[in-house]
Amino acid sequence: MTSPRKAKRGIPPKSDFNVWYPAIIEIADLVDKRYPIKGMDVWKPYGLSTMNLIDGLARSEMTRTGHQEYNFPLLVPEDLLEKENRLVSKLKAAREAGVDPSELRMDDDNSGFKKEVYWVTRGGENELEVPMFLRPTSETPMYTMFSLWVRSHADLPLKTFQIVNTFRYETKQTRSFIRVREIHFFEAHTVHADEDGANRQIEEDAEMVQRILHDLCLPSIVSKRPVWDTFPGAWFSKAADVVMPNGRTLQVATYHHYRDQWADTFDLSYEAADGQTKLCHQTTFGMSERLLGAVVGMHGDDNGLILPPSVAPFQVILMPVAAHADDSVIPAVEALADELSSAGIRVKIDDRDVRPGVKHYDWEIRGAPIRLELGPRDIAKGKCIISLRTGGKMAPPIDGIASTVSDALDSMADELRLRANRNFEDLVKPLPPLVGEEGNLEFAEQFEKGIVYEVAFDGNDSDAEVLEKLTGMTLLGDCDHSFVEPHVCVITGKSTQRRQYIARMY
RNA sequence: GGGCCUGUGGGUUAGUCUGGUCUAUGCUUGUUGCUUUGGGAGCAAUAGACCCUGGUUCAAAUCCAGGCAGGCCCA
2 MTSPRKAKRG
12 IPPKSDFNVW
22 YPAIIEIADL
32 VDKRYPIKGM
42 DVWKPYGLST
52 MNLIDGLARS
62 EMTRTGHQEY
72 NFPLLVPEDL
82 LEKENRLVSK
92 LKAAREAGVD
102 PSELRMDDDN
112 SGFKKEVYWV
122 TRGGENELEV
132 PMFLRPTSET
142 PMYTMFSLWV
152 RSHADLPLKT
162 FQIVNTFRYE
172 TKQTRSFIRV
182 REIHFFEAHT
192 VHADEDGANR
202 QIEEDAEMVQ
212 RILHDLCLPS
222 IVSKRPVWDT
232 FPGAWFSKAA
242 DVVMPNGRTL
252 QVATYHHYRD
262 QWADTFDLSY
272 EAADGQTKLC
282 HQTTFGMSER
292 LLGAVVGMHG
302 DDNGLILPPS
312 VAPFQVILMP
322 VAAHADDSVI
332 PAVEALADEL
342 SSAGIRVKID
352 DRDVRPGVKH
362 YDWEIRGAPI
372 RLELGPRDIA
382 KGKCIISLRT
392 GGKMAPPIDG
402 IASTVSDALD
412 SMADELRLRA
422 NRNFEDLVKP
432 LPPLVGEEGN
442 LEFAEQFEKG
452 IVYEVAFDGN
462 DSDAEVLEKL
472 TGMTLLGDCD
482 HSFVEPHVCV
492 ITGKSTQRRQ
502 YIARMY
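Under my numbering, the first residue of the first sequence carries the number 2, and numbering increases by one thereafter.
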């Protein structure tokens with residue numbers, strides 16, 4: 002009975018996730034993908050409002066932790082990139098020379114970002130003497146300025162962030178919110194007097210990520226990326242990955258500890274209290290519209306989106322019923338809207354002249370957490386009808402509606418967390434043990450596609466390569482929560498508490 | 001990185017193989033009017049398309065090449 006209705010809006014079943022995801026973001030009016038450049042979608046008001054609310058979560062974390070918002074230019078002159086590339090090459094060479102070579106995996110060449118950026122080579126009719134590129138991230142422009150701003154230990158720590166668009170010339174397949182060419186990017190950059198200060202920043206970043214993901218009702222895996230997967234400019238990188246319903250992981254946040262490697266290149270030093278000149282230590286913390294991609298992918302269902310109350314543009318949709326027949330309905334709905342708004346709840350009155358069913362379906366598709374109906378019969382009884390997007394209807398009294406609604410929003414967020422955790426548990430399993438000789442290893446049990454595997458792993462780079470080849474998946478790195486009891490490493494057989502996950506990553 | 005497939009009104013689709021009957025089909029959506037209105041209303045009228053560039057040909061939605069865009073598979 003339900004299929005003809007769905008067919009009307011053409012929502013594919015969510016079990017077919019790879020079809021459902023691209024369809025739902027357009028049907029729910031988040032973006033229009035028809036703009037004729039690959040990987041560049043038009044943000045529509047509903048999608049943009051949602052993204053702005055997500056940014057709001059990041060901003061309030063930034064404010065809470067004493068970061069200040071900046072806005073750096075979009076264009077970067079080529080010579081600064083060369084500075085960065087030299088740094089990256091130098092670090093890479095050092096790493097190759099200094100570190101145990103078995104922990105390294107070589108890349109063919111190392112031209113840094115050069116290939117992945119958009120270039121601006123002309124101004125009007127003229128060729129530019131120094132070509133410029135669109136920022137793929139903002140280390141280069143920011144650190145150039147930081148070195149002018151930071152002079153004394155009193156200037157530290159410098160905690161900055163910006164929310165801007167960045168550009169990457171993706172040649173692979175793009176996917177809205179997940180892999181795009183114009184990225185809606187959040188980046189925090191900090192400068193500290195010493196390594197310890199940067200360490201504390203990394204801990205603060207970790208906490209902020211968890212608070213934001215809690216608001217978005219998203220469980221995650223936090224791992225320290227393997228050495229061979231770490232951006233060469235970083236001393237180490239940590240990332241939070243969300244397990245999407247198709248079993249792929251989506252990296253939604255990263256934070257890097259740079260130590261003083263960049264400071265050296267960008268001449269970022271300060272005069273300490275004792276008069277000595279010292280190099281700064283730096284960190285970065287990045288997130289993007291992938292957070293929205295994760296929210297859409299994780300919470301939505303066959304009927305459309307489900308937005309967590311924290312980021313739903315409208316938490317309550319008020320639907321006047323039979324207003325054409327009774328003049329008291331509209332004023333009563335407006336009074337309700339005022340009451341809810343003044344309690345800090347985001348509301349919208351849907352007074353379109355369409356049948357009520359249309360309104361219900363529209364807001365169901367767009368994932369509004371609560372729909373509230375009010376008609377003459379309800380007014381007479383002093384009640385209203387509220388329908389929750391996660392399921393269920395109630396008929397609470399109009400009296401005290403603000404607290405009823407805000408309780409309902411809270412319990413809906415809990416329900417979403419519960420569902421997301423269930424998804425996580427369904428899709429994350431221990432890797433079956435390996436049997437056979439080296440070079441001819443096999444899984445003892447059936448190996449499933451679309452599953453993230455938990456694995457005890459204590460091998461080096463080439464062991465990792467064996468494991469990745471065998472599974473066709475990628476190691477996320479050392480998980481923040483190691484095993485309590487020692488486990489046997491799948492490849493080396495050594496006893497270890499190192500817990501890792503191996504997954505197909507987006 | 002390698003391979004395969006696709007592109008027709010806002011959406012979806014017929015037609016493409018085998019060039020002419022295409023002045024391009026159906027559904028849906030949009031617009032207008034009337035009747036409706038407590039979970040996707042009905043009737044009537046109306047609007048709207050062959051991805052781009054070039055080639056082959058008397059003739060191209062149809063064949064060829066390139067571009068752009070999208071989808072799928074493998075490393």
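Cβ coordinates follow ideal geometry from the N, Cα and C atoms, glycine included. All values derive from a computational prediction rather than experimental measurement.
Can you name, in chain order, every residue of its own chain whose Cβ lies under 6 angstroms from the Cβ of residue i, other than the five neighbours on each side?
i	result
Leu292	Ile55, Val253
Asp303	Pro14, Lys15
Gly124	none
Leu373	Val317, Leu319, Cys385, Ile387
Asp481	Val223
Count the other C-beta atoms from every protein chain shown that fall within 10 angstroms of the C-beta of residue i, then say buried if there are 16 or more, exposed otherwise.
i	result
Pro309	buried
His193	buried
Gln202	buried
Gln283	buried
Met395	exposed
Trp150	exposed
Glu126	exposed
His300	buried
Arg356	exposed
Arg260	buried
Asp216	buried
Gln277	exposed
Pro332	exposed
Return yes when the Cβ of residue j is within less than 8 angstroms of the Cβ of residue i, no when it is not.
i	j	result
Leu88	Gly287	no
Met133	Leu76	yes
Gly191	Lys160	Checking the displayed sequence, the identity of residue 191 turns out to be Thr instead of Gly. In contact: Thr191 and Lys160 (Cβ atoms closer than 8 angstroms).
Phe187	Thr167	no
Ala29	Arg367	yes
Ala414	Ile387	no
Tyr170	Glu117	yes
Asp479	Lys225	yes
Ile503	Met474	yes
His488	Gln498	yes
Val244	Val485	no
Ala465	Pro227	yes
Ser407	Ala313	no
Val296	Ile26	no
How many angstroms separate the CA atom of residue i from the CA atom of residue j?
i	j	result
Leu432	Glu455	6 angstroms
Leu92	Trp263	10 angstroms
Arg249	Ser463	24 angstroms
Ile347	Val317	The sequence shown places Arg at residue 347, not Ile. Rounded to the nearest angstrom, the two C-alpha atoms are 7 angstroms apart.
Thr175	Arg152	43 angstroms
Leu359	Gly294	The sequence given here has Val at residue 359, not Leu. Cα to Cα, Val359 sits roughly 26 angstroms from Gly294.
Glu290	Thr51	10 angstroms
Gln69	Val32	30 angstroms
Gln211	Arg65	14 angstroms
Thr391	Asp363	15 angstroms
Leu389	Glu340	19 angstroms
Glu449	Lys470	15 angstroms
Arg353	Ala59	34 angstroms
Ala336	Ile371	17 angstroms
Thr119	Leu135	Note that residue 119 corresponds to Tyr in the displayed sequence, not to Thr. Approximately 6 angstroms between the Cα atoms of the pair.
Met146	Ser483	40 angstroms
Ser412	Leu468	42 angstroms
His325	Ile380	15 angstroms
Leu476	Asp230	9 angstroms
Gln447	Asp459	23 angstroms
Ala207	Leu214	11 angstroms
Considering only residues of the same chain and omitting the five flanking positions on each side of residue i, which have a CB-CB separation below 7 angstroms?
i	result
Val334	Leu319, Pro321, Ile350, Leu375
Ala323	Val330, Gly376, Pro377
Thr122	Glu128, Leu129, Pro132
Met209	Glu62, Thr66
Phe18	Pro246, Asn247
Thr405	Pro397
Gly165	Reading the sequence as shown, one finds Val at residue 165 and not Gly. Correct list, in chain order: Asn72, Phe186.
Glu365	Asn304, Gly305, Arg390
Spatial neighbours of residue i within its chain, please: CB distance less than 8 angstroms, with the 5 preceding and 5 following residues excluded, ordered by chain position.
i	result
Ile38	Arg182
Glu443	Leu435, Val436, Gly437
Lys1	In the structure displayed, the chain extends from 2 to 507; residue 1 sits before or after that span and is not available.
Say yes only if the C-beta of residue i is nearer than 7 angstroms to one or more non-hydrogen atoms of the ligand HEM, and no if none qualify.
i	result
Ser270	Because no ligand of any kind appears in the structure shown, any question about the ligand HEM cannot be addressed here.
Touch test, the segment 416 to 434 against the segment 215 to 226, Cβ-Cβ under 8 angstroms, three pairs minimum: Contact between the segment 416 to 434 and the segment 215 to 226 is present: three or more C-beta pairs spanning the two stretches fall below 8 angstroms.
The segment 133 to 146 contacting the segment 40 to 56, beta-carbon criterion three pairs below 8 angstroms: Because the criterion of three Cβ pairs below 8 angstroms is not met, the segment 133 to 146 and the segment 40 to 56 do not touch.
Cβ contact check for the segment 264 to 272 and the segment 175 to 186: 3 or more pairs under 8 angstroms: Not touching, per the Cβ criterion.
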